[in-house]
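J.: Those protein sequences? They're chains A and B, same order as listed.
In this text, residue positions in the first sequence follow the numbering used here: the first is 1, and each later residue adds one.
In this text, residue positions in the second sequence follow the numbering used here: the first is 606, and each later residue adds one.
In this text, a Cβ means the ideal position worked out from N, Cα and C, and glycines have one as well.
There are 2 protein chains.
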Amino acid sequence: MTDYAAPVDDIRFSSLEVSDFAAHYAKTFGDLDLGADDISALLEAFGEFCAGEVVPTNRDGDEIGCRFSNGEVTTPPGFREAWKSYADGGWPSLDQSAEFGGQGLPPSLTTLLQEVSAASNPAWHVYTVAAHGAMETLVSHGTPEQKETYLGKLVTGQWGGTMCLTEPHCGSDLGLIRTTASPQSDGTYAMSGTKIFISGGEHDLTENIVHIVLARLPGSPAGTKGLSLFIVPKFLPDGASLGERNGVYCRSIEKKMGIHGSSTCELEFDAATAYLIGEENRGLQAMFTFMNSARLGSAVGALGHIEQGFQKASSYALERRQMRSISGAKDSDAPADRIIVHPDVRRMLMIQKAFAEGGRMLIHDLAKSLDVSGHSSSEDEHLAASRALELLTPVAKGFLTEVSLECASLAIQCFGGHGYVRDWGVEQNYRDCRIGSIWEGTTGIQSLDLLARKVAGSGGETLFAYLDAIAPEIERWDEVPDWSERRAEFDALIAEWRTATTALVQKGARNPEALGAASVDYLLLTGYMLLGFHWGRAARKSHEKIAAGAADAPFLANKLATSRFYFDHILPRARFHLTALERPAETIMSVEETAFDRTALTFGA
Amino acid sequence: MTDYAAPVDDIRFSSLEVSDFAAHYAKTFGDLDLGADDISALLEAFGEFCAGEVVPTNRDGDEIGCRFSNGEVTTPPGFREAWKSYADGGWPSLDQSAEFGGQGLPPSLTTLLQEVSAASNPAWHVYTVAAHGAMETLVSHGTPEQKETYLGKLVTGQWGGTMCLTEPHCGSDLGLIRTTASPQSDGTYAMSGTKIFISGGEHDLTENIVHIVLARLPGSPAGTKGLSLFIVPKFLPDGASLGERNGVYCRSIEKKMGIHGSSTCELEFDAATAYLIGEENRGLQAMFTFMNSARLGSAVGALGHIEQGFQKASSYALERRQMRSISGAKDSDAPADRIIVHPDVRRMLMIQKAFAEGGRMLIHDLAKSLDVSGHSSSEDEHLAASRALELLTPVAKGFLTEVSLECASLAIQCFGGHGYVRDWGVEQNYRDCRIGSIWEGTTGIQSLDLLARKVAGSGGETLFAYLDAIAPEIERWDEVPDWSERRAEFDALIAEWRTATTALVQKGARNPEALGAASVDYLLLTGYMLLGFHWGRAARKSHEKIAAGAADAPFLANKLATSRFYFDHILPRARFHLTALERPAETIMSVEETAFDRTALTFGA
């Protein structure tokens, strides 16, 4: 029984073959001279690091969890050591600018690797993501002096970082934020208030923690237009060393269903010294830089959960013997057949596999857009990539975190009763996974962002432009034998999707609640269609390489088989969501509120 | 914020109105003179007992759980006291025969009440179900002497019970059981072996525990045809008092994802004294008596989880304020609107509500069949009820436990981040709930039972007979205004379901794997259609009563609204499963085993 190992071959296939990263890097980062071998070497090295230092901390991380005492958080055994190796290995600095000690590699490379740490230990991974988020905000919005002071320490992994948004009375609704920052005579601000659900808000991995905090200036406008962004370090920097302890304290950590090794903190700011980052009252805009990357990060985390569960369930199914095959004994010498022979076990594994590999292709493609939007010298390319990112990031986040819940559940199901007990780790995966569709904006929030803001907001044009852009690839699917029916089905679904989009845009103009009621179905539809596109393209490319006599033919044949499974057994779900989109919002909105109160209506009393 | 309370009005509507329990009892248990008021009174009383004594133990049950030390299990605080009240209140004896101290009430009444204890504390509820299973097995298969010795003590709740099937190497595959029972000169047997996953295998609620154990006689045939059933009491009975300690010992309890208050035991039988129950080598048949009732019990448990989650999520949504309504502020005086105004929050709640109330109607209808199959004096009625039970029990179990996972997840989603932390209890509900689709036969096992054994095994006739029986009710749906389109859609789905069934029966005859590959989709399709039937009938009956000027019109109008939601937003899922049924099994079965081993195939290495 193997535990998790980085699926290096599949990451290579998706990034190098399907998304053609080598050509992409040559074009967008030509000066780096970054070839397939370099990418492979990085993947192997990070996979080895995680296998050796991160995977072994996952179980204790769950069972022991973080301990809180007197304002201090002790992370689980091995977390500090793994962090030190991570920092010493130079991993936090990968995509940071050389100016601040980084290695200046493309952002997409970090995305490729993040999947592996997320799957190795999702709780430990959180600290890396939080620090990365703080770095990105500083890079985009910090003054040269702020970058000088903070970035260098974050890049080496010497300091950690957080993003502080949520308060007890506001999660999704940041306009309600009450934490205030009052200007002081020395140009700093004094911050007071309470933040909750702060991942990595306190821990013992690093000597200092850089909090990036959304707060309100005195007299600022109500709502989100009165929010500003601040840096609040745990220890004030004093030249190159640590100065005095700042007034930000951890009051408690949450007891959560999973990711026990990640400290989820209530932070109290008690006249803490804060430094404005970016402009006054433009904090939300600055925060969005980070939010988009955090959403992609959540999608990557979901992929990690799917892959981890798939690997565990597959290994088990290849070994566990139970019942005879329905078509007759396969291993007559053994007392029972391996459960991999049972059609439904295979079906459950294929669903996990199709989402893992399909999700990977979706993410790698988005990561490429991330590179182009940030680094392309062509204005047209930059614009197209930015639009694709805006449209697809909420889908990747919402869709992959939703299907990761299904996959984590199926991984348990493959184990039967053995999946419900701790022994094999799939129940931990199920618990850890559940946060995905909630943090960084719930599925409902992602769906509204997609349908109301991006799609309806552009009169549907953002979507139609994307569909036009992928049409030439779909036309080529006829090159694959036995693919013409699948292509026809896909074309029909795209046509219905276009029609439904136009109808929704019109309905939404008259009644915004129609958008709200349809939003999650619309996001899921989009997700299934996107994965369909990636699976179709993968099939086309696999066929092409096999026909050209590729050495990796068994791998590629397997890709074709998985693509067939996706089209035959998963893609039909898209039509259910199309149907749901047509149903009137009134069925939902006209229900009286008493329906939701068991004490309000009596019968036969 | 309310915690869980028994939904007495809705149970009344489903049992008394939709399933017409009063008429049913008058017909099948006429001598009992059991009217609507009696049923109401029992429901109210059991609801009060659970609210007072069982609900308060749920949280500690999870946080403290069972403790194991030196072979003994200590249940969480309050479990013993709740059990004592339960026994003192006469609840275990409700449907047991007066001959052994029972109250001789219909089995369906127990089903009605079980929902409430399952929702109040699913872990505590397990002990009641295990004892009930032991009683049923004794009633059906015990000798008069065995009934005399054991039933009386189980009926009063003085003793507990278990069902011991699983062993480390066999869960679904009982033919592999190795535990042996060797005949002794005194007519008893000496049992040796190891059982795992035994719910309530050891605990401190009762002075004795009656284990019902599946084991193998020396020299018995291999497989399931060599299994016999035994009684193995923890303490040997000595007249009316306890005799010596028997050789059955708890070696450990499992660490599980949820239901921490239910002890899941590894039991070692060390030459334990065992008494044969039923005939030699007919143990599996005897066990099936219990299995069917346990499957219905699991469906009831799933209903409990759905209802518990719905109540918590609804209360929260009616109070929590976050964001403005997409159609404009609803409570301008407050800083934000209550989240119940958001279409997607409503959608999530309506899904939970439709499954809770729909699942309840399905279960109550099955419980009626249970009564008729066991107590009707008419041979025709008995036969029809038994056939319906055989067909529908695996659907109720498989379908409701599967959708309960979705509902428990949606309950969390309504809370956002607050659902992932312990405070509100919905994360516990999610963890507790996950066992449902595994124990008492996984969804895969239920699905094969339904499609391969019941449907294909009868050439489809079992299903067609059921569809014929419900056809007259469906014809009446046109009486409901605005229902003709919904009825047409339902009729179309039934026609497609018939066609798909015939096609599958034929395919299965040529290739049994086609049944295996389609089985879970077939079960889910059946589940969605059954709930559609119940929701349609509920709409028709509600409309009828409203038209007749019923006092409960607001309640009934709400039923119509929920039924509309089910038809518009949930029933279309049936068509997805119909599509999946048509897809070739080869897409699943022809995938090479290397697909499931990340180390087997390389790419670009």
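Here's a check: name, in chain order, each residue in its chain whose Cβ is nearer than 8 Å to the Cβ of R321 of chain A, leaving out the five neighbours to either side.
T.: Same-chain partners within the cutoff: D331, A334, P335, A336, D337, R338, I339.
J.: Below 7 Å, is the gap between the Cβ of F840 of chain B and the nearest heavy atom of the ligand PLP?
T.: With respect to the ligand PLP, the structure offers nothing, as it holds no ligand at all.
J.: Nearest-angstrom Cα distance between Q506 of chain A and Y522 of chain A?
T.: C-alpha separation (whole angstroms): 15 Å.
J.: How would you write the range of the beta strand (DSSP E) that H342 of chain A sits in, first residue to last?
T.: Note, H342 of chain A: premise wrong, no beta strand (DSSP E); not H, not E.
J.: What three-state label does DSSP hand W1044 of chain B in the structure shown?
T.: Here W1044 of chain B sits in coil by DSSP.
J.: Determine the DSSP secondary structure at M606 of chain B, reduced to helix, strand or coil.
T.: In this prediction, M606 of chain B scores a pLDDT of 49, lower than 50, which makes its location untrustworthy; the coordinate-derived value is nonetheless stated afterwards. Residue state, collapsed to three classes: coil.
J.: Looking at C-beta atoms only, is the number of pairs between the segment 1186-1205 of chain B and the segment 990-1005 of chain B that lie closer than 8 Å three or more?
T.: The answer is no - the segment 990-1005 of chain B does not touch the segment 1186-1205 of chain B, with fewer than three Cβ pairs under 8 Å.
J.: Does the beta carbon of L284 of chain A sit closer than 8 Å to a beta carbon anywhere in chain B?
T.: No, because no Cβ of chain B sits closer than 8 Å to the Cβ of L284 of chain A.
J.: Work out the CA separation of L637 of chain B and L648 of chain B for me, nearest whole Å.
T.: Using only the alpha carbons, I get a separation of about 17 Å.
J.: I believe R476 of chain A touches R540 of chain A by the beta-carbon criterion, under 8 Å. Please report the beta-carbon distance rounded to the nearest angstrom.
T.: With 8 Å as the limit, R476 of chain A and R540 of chain A qualify as a contact, their Cβ atoms being about 6 Å apart.
J.: In angstroms, rounded to a whole number, what distance separates the CA positions of D608 of chain B and K917 of chain B?
T.: Each residue's Cα considered, the two are about 6 Å apart.
J.: Out of B:K1164, B:A641, B:C855, B:K689, which has the shortest C-alpha to C-alpha gap to T869 of chain B?
T.: Minimum Cα distance to T869 of chain B is reached at B:C855.
J.: To the nearest angstrom, how far is the alpha carbon of G683 of chain B from that of V731 of chain B?
T.: Each residue's Cα considered, the two are about 15 Å apart.
J.: Are the segment 232-240 of chain A and the segment 1006-1023 of chain B touching, with three or more C-beta to C-beta distances below 8 Å?
T.: No, they do not touch.
J.: What are the partner residues of W764 of chain B, as DSSP defines its beta bridges?
T.: W764 of chain B pairs with B:N813.
J.: Are F673 of chain B and M955 of chain B touching if we call contact CB-CB under 8 Å?
T.: No, the pair does not count as a contact, with Cβ atoms beyond the cut-off.
J.: With a threshold of 8 Å between beta carbons, is E440 of chain A in contact with chain B?
T.: Chain B, which has no Cβ nearer than 8 Å to the Cβ of E440 of chain A, makes this no.
J.: Is N1163 of chain B close to chain A? Criterion is C-beta to C-beta, closer than 8 Å.
T.: At least one chain A Cβ lies under 8 Å of N1163 of chain B.
J.: Along the segment 185-199 of chain A, what residues have a CB closer than 9 Å to any CB found in chain B?
T.: Taking 9 Å as the Cβ-Cβ cut-off against chain B, the residues of the segment 185-199 of chain A that qualify are I196, F197.
J.: Is E1197 of chain B helix, strand or coil by DSSP?
T.: It is coil, neither helix nor strand.
J.: According to DSSP, is L242 of chain A part of a helix, a strand, or is it coil?
T.: Strand, per DSSP.
J.: In angstroms, rounded to a whole number, what distance separates the CA positions of W688 of chain B and E871 of chain B?
T.: Using only the alpha carbons, I get a separation of about 23 Å.
J.: In chain A, which residues lie less than 7 Å from P940 of chain B when you measure between Cβ atoms?
T.: Within chain A, the residues near P940 of chain B are L176.
J.: Run through DSSP, which three-state label would S199 of chain A get?
T.: Of the three classes helix, strand and coil, the one that applies to S199 of chain A here is strand, per DSSP.
J.: Could you name the residues of the segment 638-653 of chain B whose beta carbon sits closer than 8 Å to any beta carbon of chain A, in the order they occur along the chain?
T.: Listed by position along the chain: A641, S645.
J.: At a Cβ threshold of 8 Å, is P76 of chain A touching chain B?
T.: With 8 Å as the cut-off, P76 of chain A does not count as an interface residue toward chain B.
J.: Count Cβ pairs between the segment 1024-1039 of chain B and the segment 430-450 of chain A that sit closer than 8 Å; are there 3 or more?
T.: Yes, they touch.
J.: Beta-carbon of T579 of chain A versus every beta-carbon of chain B: anything under 8 Å?
T.: By this cut-off, T579 of chain A is an interface position.
J.: To the nearest angstrom, how far is it from the Cα of A879 of chain B to the Cα of E772 of chain B?
T.: Rounded to the nearest angstrom, the two C-alpha atoms are 18 Å apart.
J.: Under 8 Å Cβ-Cβ, which residues of chain B neighbour P481 of chain A?
T.: Residues of chain B passing the Cβ test: none, with the nearest at roughly 15 Å.
J.: Using a beta-carbon distance cut-off of less than 8 Å, what residues from the segment 983-1014 of chain B approach chain A?
T.: Correct list: L1010, S1014.
J.: Indicate the three-state DSSP secondary structure (helix, strand or coil) for E873 of chain B in the structure shown.
T.: DSSP places E873 of chain B in strand when its eight states are reduced to three.
J.: Tell me, please, whether the segment 567-584 of chain A touches the segment 523-543 of chain A by the rule of three or more beta-carbon pairs shorter than 8 Å.
T.: They touch, by the three-pair rule.
J.: Is DSSP giving T672 of chain B helix, strand or coil here?
T.: For the record, residue 672 of chain B in the displayed sequence is Arg; it is not Thr. Correct three-state label for R672 of chain B: strand.
J.: K861 of chain B by DSSP, collapsed to three states: which one?
T.: Strand at K861 of chain B.
J.: For K958 of chain B, which residues in the same chain have their Cβ closer than 7 Å to its Cβ, ignoring the five residues on either side in sequence?
T.: Around K958 of chain B: F915, T1167.
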